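Note sheet for the following structure.
Number of protein chains: 2
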Amino acid sequence: MVVDLNGFFKPSSVAVVGASRNPAKVGHVILKNLIDGGFKGMIFPINPEADNILGYRVHSSLVKVSENIDLAVIAVPAELVLETIDECKKKNIKNVLIITAGFGEVGNTALEQKLKAKLDSYEMKCVGVNCLGIFDAYHKFDTLFLPRYRLTRPKPGGISFICQSGAIGSAILDIASTSGYTFSKFVSYGNATQIDESDLLEYLGTDETTKVVCMYVEGIKNGEKFFETLKKVTAHKPVIVLKGGLTDAGKHATLSHTGALAGDSAVFFGILEQVNAIRANSLEEMFHIAALVEKGVKFKSNRLQIITNGGGYGILSTDAIASSKHVKLAILSQQTTAEIKKFAPTHMNIGNPLDLLGDATTERYKQALEACLKDSGIDGVLLIALYQTPLLTTEVVEVISEAHRNFQKPIVVISTGGEFTELLSRSLRERGLAVFSFPDEAITALDKLIAYQMRAPAKIKTVDKTVKMQKEKKVQKKTAGKKAKSVKKKKK
Amino acid sequence: MVVDLNGFFKPSSVAVVGASRNPAKVGHVILKNLIDGGFKGMIFPINPEADNILGYRVHSSLVKVSENIDLAVIAVPAELVLETIDECKKKNIKNVLIITAGFGEVGNTALEQKLKAKLDSYEMKCVGVNCLGIFDAYHKFDTLFLPRYRLTRPKPGGISFICQSGAIGSAILDIASTSGYTFSKFVSYGNATQIDESDLLEYLGTDETTKVVCMYVEGIKNGEKFFETLKKVTAHKPVIVLKGGLTDAGKHATLSHTGALAGDSAVFFGILEQVNAIRANSLEEMFHIAALVEKGVKFKSNRLQIITNGGGYGILSTDAIASSKHVKLAILSQQTTAEIKKFAPTHMNIGNPLDLLGDATTERYKQALEACLKDSGIDGVLLIALYQTPLLTTEVVEVISEAHRNFQKPIVVISTGGEFTELLSRSLRERGLAVFSFPDEAITALDKLIAYQMRAPAKIKTVDKTVKMQKEKKVQKKTAGKKAKSVKKKKK
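From first to last, the protein sequence lines stand for chains U and S. Per the working numbering, the very first residue in the first sequence carries number 43; after that it's consecutive. Per the working numbering, the very first residue in the second sequence carries number 43; after that it's consecutive.
Below, the structure written as structure tokens:
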């Protein structure tokens with residue numbers, strides 16, 4: 043059953059426990075951003091020693107609030123969290139978001155276990171502890187305790203991001219929104235004391251505004267649950283997973299970060315592939331794949347035609363496609379070749395890549411694009427447009443977006459350049475196109491997305507058996523590892 | 043002997059043959075950019091049918107110019123190039139830059155061979171044909187026929203770029219200059235009819251303002267000459283090579299682009315490694331490695347300390363370093379650990395990565411940075427600064443650049459974010475620091491640069507034998523390939 047997390051993303055009323063008058067305090071920044079973000083629900087700052095903060099009436103405790111409270115955002119010191127939870131219980135609050143750090147990640151596992159037991163016994167849902175909180179672009183709900191001038195908030199859109207690490211989440215949110223990418227939901231869940239990555243993933247799987255889920259995870263609380271959930275979600279929307287703690291050194295570092303046990307990476311990646319989740323190798327890559335999905339790039343098959351006005355770019359793209367696992371170079375049909383011949387200058391070579399040459403005009407782009415998109419042997423076009431050459435007028439933006447509207451095939455654009463180029467790229471993004479700066483980043487992202495889109499959900503193996511198998515292998519390996527260690531010790 | 047190419051990059055007087063009154067013509071744009079670029083030498087437009095173009099007196103032919111001409115830039119149709127060369131001979135011009143296309147790359151090899159023979163018999167030096175020409179930031183010499191509003195020209199600096207493809211060159215020049223990177227020289231040499239990539243490389247190897255040479259090559263005219271030159275240049279400055287035409291499909295495409303035979307990639311890369319040239323796998327990568335060199339990043343050994351205020355970034359960076367070939371994670375000395383303990387909050391974990399935590403102040407960065415840079419077991423610092431958190435004040439820019447000035451060890455900065463972040467990153471770049479957006483791109487670039495810097499020139503094997511060996515292998519392979527093909531044909 044999907045855990046209902048609406049109370050965390052679209053609450054009607056929110057209490058900020060630990061709201062402060064001091065602008066340097068987390069409890070102040072959360073309250074301020076909630077107000078400045080344009081949240082439409084009721085806001086109740088809680089502080090025993092203040093009457094009024096930022097124009098809002100302050101209550102000395104949760105139980106003093108007469109209205110119903112959907113969610114309590116808790117930003118009090120760690121030692122006060124347990125009693126705050128008791129207060130929440132008294133006020134019959136069902137959802138708590140605990141920002142506070144100082145639990146398992148600093149070795150205080152006893153306190154975290156006590157908290158977990160209390161939450162469970164109260165049947166209370168909890169996101170956190172040790173987290174940055176939640177951002178929902180559609181409901182203008184924003185608990186991120188980072189100033190708005192330092193972290194640009196994105197506009198409403200299709201990307202949702204589940205992020206164990208607060209810093210990664212906020213940095214990506216910031217760069218992505220500045221680059222024009224749009225988001226539905228963002229959640230930093232820290233130690234996953236109770237609600238974990240699987241619950242969040244399952245919820246986002248059912249969320250209509252979420253087109254693609256990005257995840258940064260260090261450790262997985264419950265492997266079987268996670269992979270079952272992934273399998274369910276990837277059947278109808280892509281999930282991109284970036285894993286921290288792949289190497290021994292990285293694993294060691296996760297312990298002091300979110301207290302997570304990073305586990306065996308090979309097993310993890312093996313199962314990711316089985317459940318058709320997309321594995322990202324870096325933040326950049328996650329970001330690029332998500333950008334494709336956000337722009338609705340959808341492939342029925344994998345034959346790509348390159349159109350370019352830069353020969354070298356055509357060659358680098360050809361190399362990247364030929365070296366990729368899942369993208370293929372399309373072969374122009376005789377009819378398309380004949381059609382292109384009609385408008386092509388005599389010295390233009392007709393093939394894939396289709397190099398329209400440095401003197402390519404907007405009209406030549408239009409004719410080439412239409413001829414290729416009509417070809418049933420072509421599933422999509424990789425369109426390289428280098429705007430440095432003067433004959434390519436700014437109207438090419440119209441030409442590309444018209445072709446994008448008229449044909450039901452993806453067009454992915456690559457343009458490298460400075461201000462003039464950025465202007466046109468931004469314009470294309472606003473018209474719904476995915477635009478990249480370099481061939482390799484685009485083709486790496488396409489390779490992974492096409493692999494996902496071409497694997498029908500029916501083809502995915504049952505996960506139960508494989509998870510069990512992998513688990514057994516892992517146990518064997520661990521035992522073997524222990525044996526090796528004890529041998530080593532003896533040698534000493 | 044190094045071919046003296048000063049006449050191409052810093053001529054005192056230039057003729058533009060084919061200068062035109064029509065702003066749409068290449069001959070007009072070249073003249074205009076030469077003037078607008080602020081070139082200090084004499085400029086002579088040549089056109090039999092005009093008196094005055096852009097305020098410059100026009101001569102009907104080269105021989106009509108009474109002054110000495112260092113360089114003729116030729117932008118006449120292909121069929122007029124030979125007679126223009128005869129004119130150059132009459133005027134005793136030693137250097138010609140032929141922009142004109144329509145030679146070997148469109149199958150007109152006969153014309154290109156005739157041209158080559160003529161150039162050789164006249165003892166004339168020629169860059170081109172089918173190229174974009176030359177840009178020299180120090181001498182404000184600019185023959186690129188692309189409008190300045192579309193292609194931002196970079197400021198004088200340390201990167202030089204040899205690029206067979208004009209489009210790649212211009213796009214990279216544009217994005218790099220907008221991102222704040224600085225250049226010495228840029229040359230697009232097209233078909234390499236006479237002066238080839240090796241001559242250009244050798245010249246840039248001796249050029250004092252060039253700190254790093256970037257090369258995009260499709261085919262190599264003379265392998266032995268190229269690798270000998272590389273060996274000579276890499277002994278004292280890094281050369282980054284990006285190769286187009288790695289795959290069969292890509293190789294096929296190079297033929298119609300610059301008429302180049304792309305050759306065997308495995309052999310090519312093997313020799314690159316032997317002569318300690320840096321192989322880039324993509325345009326992005328070439329760009330990132332060059333950025334490190336431009337900022338003077340120089341490692342004596344390879345032990346890197348990570349300092350971060352984002353735990354997840356620390357973990358991803360640790361994974362990337364542990365997975366790299368040539369970078370190692372430093373181990374903090376007991377003394378450094380003790381020193382950090384003095385200022386670290388109790389819950390801060392002291393190690394590598396050194397996570398200063400989300401509440402890290404500028405002061406904590408200063409103390410950590412100084413403690414690590416003093417440690418003789420640390421060769422450089424990977425400094426992650428995520429500016430989304432409010433306690434990290436803008437003064438951190440001063441702190442980082444002061445540490446950069448005071449210690450003779452590299453600091454490489456990673457910051458991800460929107461406008462606020464970009465502002466601080468730009469400021470750091472201006473103060474001489476290398477700044478990246480993502481951990482992976484930085485560490486991939488560092489891995490390759492450190493590999494180069496740690497290989498002493500003395501260790502490089504003599505190339506003669508190995509080139510010969512590889513050549514023999516290639517011949518064997520080719521013969522084997524031919525045999526396999528003929529077998530296949532027979533089967534059909």
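Heads up, the beta-carbon is just placed ideally off N, CA and C, and yes, glycines get one too. Being a predicted model, the structure only gives us computed values, none of them experimental.
Amino acids of chain S, ordered along the chain, whose beta-carbon sits closer than 7 Å to that of residue i
i             : result
residue 194/U : 460 and 461
residue 347/U : The premise fails here: residue 347/U is roughly 13 Å from chain S at the closest Cβ pair, so nothing lies under 7 Å.
residue 258/U : 354
residue 295/U : 356, 357, 360 and 395
residue 368/U : Here the premise fails: no neighbours, minimum Cβ distance about 15 Å.
residue 77/U  : Within 7 Å Cβ-Cβ: nothing; residue 77/U doesn't reach chain S, min ~17 Å.
Whether residue i touches residue j by CB criterion (9 Å)
i             : j             : result
residue 247/S : residue 220/S : no
residue 348/S : residue 442/S : no
residue 16/S  : residue 251/S : Given a span of 43 to 534 for chain S in the structure shown, any question on residue 16/S remains unanswerable.
residue 136/U : residue 112/U : yes
residue 194/S : residue 215/S : yes
residue 345/U : residue 232/U : no
residue 404/S : residue 444/S : no
residue 133/U : residue 114/U : yes
residue 171/U : residue 209/U : no
residue 309/U : residue 201/U : no
residue 317/U : residue 485/U : no
residue 357/U : residue 286/S : yes
residue 352/U : residue 397/U : yes
residue 481/U : residue 55/S  : no
residue 256/U : residue 204/U : yes
residue 213/U : residue 395/S : no
residue 176/U : residue 157/U : no
residue 367/S : residue 421/S : no
residue 199/U : residue 164/U : no
residue 207/S : residue 354/U : yes
residue 289/U : residue 361/S : yes
Beta-carbon neighbours of residue i, restricted to chain U and to distances below 7 Å
i             : result
residue 189/S : 432
residue 292/S : 357, 360, 361 and 364
residue 429/S : 192
residue 207/S : 352, 353 and 354
residue 371/S : 291
residue 400/S : 208 and 209
residue 312/S : Simply none; closest approach about 18 Å.
CB-CB length for residue i against residue j, believed under 8 Å
i             : j             : result
residue 491/U : residue 339/U : 7 Å
residue 332/S : residue 282/S : 6 Å
residue 228/S : residue 211/S : 6 Å
residue 487/S : residue 330/S : 4 Å
residue 167/S : residue 45/S  : 7 Å
residue 463/U : residue 469/U : 11 Å between Cβ atoms; not a contact.
residue 52/U  : residue 178/U : 6 Å
heavy atom of the ligand GDP below 8 Å from residue i C-beta
i             : result
residue 188/S : The ligand GDP is absent from the structure shown, which contains no ligand whatsoever.
Contact list for residue i against chain U, beta-carbon separation under 8 Å
i             : result
residue 228/S : Within 8 Å Cβ-Cβ: nothing; residue 228/S doesn't reach chain U, min ~13 Å.
residue 299/S : 353, 354, 356, 357 and 397
residue 217/S : 458, 459, 460, 463 and 479
residue 287/S : 357 and 361
Within chain U, partners of residue i - CB distance below 9 Å
i             : result
residue 482/S : 323, 324, 325, 326 and 327
residue 220/S : 459, 460, 461, 463 and 464
Residue i: contacting residues in chain S (beta-carbon distance under 8 Å)
i             : result
residue 210/U : 352, 354, 355 and 358
(request) Would you check if there are 3 or more beta carbon pairs closer than 8 Å linking the region 461 to 478 of chain S to the region 446 to 453 of chain S? (result) yes
(message) Does the structure place the region 174 to 193 of chain S close enough to the region 57 to 72 of chain S that three or more beta carbon pairs sit under 8 Å?
(response) yes
(message) Within 8 Å, do at least three Cβ pairs link the region 260 to 269 of chain U to the region 223 to 232 of chain U?
(response) no
(request) Could you say if the region 54 to 69 of chain U and the region 98 to 116 of chain U meet the contact criterion of at least three C-beta pairs nearer than 8 Å? (result) yes
(request) Could I get the ranges of all uninterrupted alpha helix (DSSP H) runs contained in the region 205 to 251 of chain S, with 4 residues as the minimum, in chain order? (result) 208 to 220 and 239 to 248
(request) Quick one: which unbroken alpha helix (DSSP H) runs of 4-plus residues sit fully inside the region 324 to 406 of chain U? Chain order, please. (result) 325 to 336, 353 to 365 and 376 to 385
(message) At 3 residues or longer, what runs of the beta strand (DSSP E) sit wholly inside the region 50 to 108 of chain U?
(response) 55 to 59 and 84 to 88
(message) Just to confirm the assignment: which complete alpha helix (DSSP H) runs, minimum length 4, are found wholly within the region 411 to 466 of chain U?
(response) 438 to 448
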